[in-house]
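>
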Amino acid sequence: MDILPTIFPNPDLEEAISKFPTLTAMARDLGLSGYQVIQEWRRQGRVPAEHCPEVERRTGVRCEKLNSRVDWGYVRGTSPERRS
Numbered sequence: 020m021d022i023l024p025t026i027f028p029n030p031d032l033e034e035a036i037s038k039f040p041t042l043t044a045m046a047r048d049l050g051l052s053g054y055q056v057i058q059e060w061r062r063q064g065r066v067p068a069e070h071c072p073e074v075e076r077r078t079g080v081r082c083e084k085l086n087s088r089v090d091w092g093y094v095r096g097t098s099p100e101r102r103s
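Here our numbering is used: the first residue of the sequence shown is 20, the next is one more, and so on.
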């Protein structure tokens, strides 16, 4: 049960979370201190940029969907339009 309200819902983050049986399992797999970290991501509606690449590797949900505040095209050295 979520105690903190979701302020900025992100269905793509929810998709990433759904790849794990529990929030604790996701936190453990990502080497985080606990499920509360994932709850805070949920509340904020985004994954911190430093965690996005690992979440993408483990879930297939693109960094662009997990945190839109970063210019991932620049970081990747590509733009979404150039990808096939």
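The beta-carbon is built from N, C-alpha and C at its ideal position, and this holds for glycine as well.
Remember, predicted model here, so these are calculated numbers, not experimental data.
Considering isoleucine 36, what are the terminal residues of the alpha helix (DSSP H) in which it resides?
Here residue 36 refers to the residue found at position 17 of the sequence shown. Looking at the DSSP string, the run of the alpha helix (DSSP H) that includes isoleucine 36 is 30–36.
> Is it true that the CB of leucine 85 sits closer than 8 Å to the CB of aspartate 7?
Absent from the structure is residue 7, since the part of the chain shown begins at 20 and ends at 103.
> Leaving out five residues on either side along the sequence, give the residues of the same chain with a beta carbon under 6 Å from the beta carbon of valine 80.
To locate residue 80, count along the sequence shown from 1; it is residue 61. If we look at valine 80 and ignore the five residues flanking it on each side, its Cβ neighbours are Asp31, Glu34, Ala35.
> Could you pull out every residue in the same chain whose Cβ sits closer than 8 Å to the Cβ of glycine 64, ignoring the five residues on either side in sequence?
Working through the sequence shown from its first residue, we reach residue 64 at position 45. Excluding sequence neighbours, glycine 64 sits near Thr25, Ile26, Phe27, Pro28, Asn29, Leu32.
> I'd like the span of the alpha helix (DSSP H) that includes glycine 92, first residue to last.
Sequence index remark: in the sequence shown, residue 92 carries index 73 (1-based). Note, glycine 92: alpha helix (DSSP H), 91–95.
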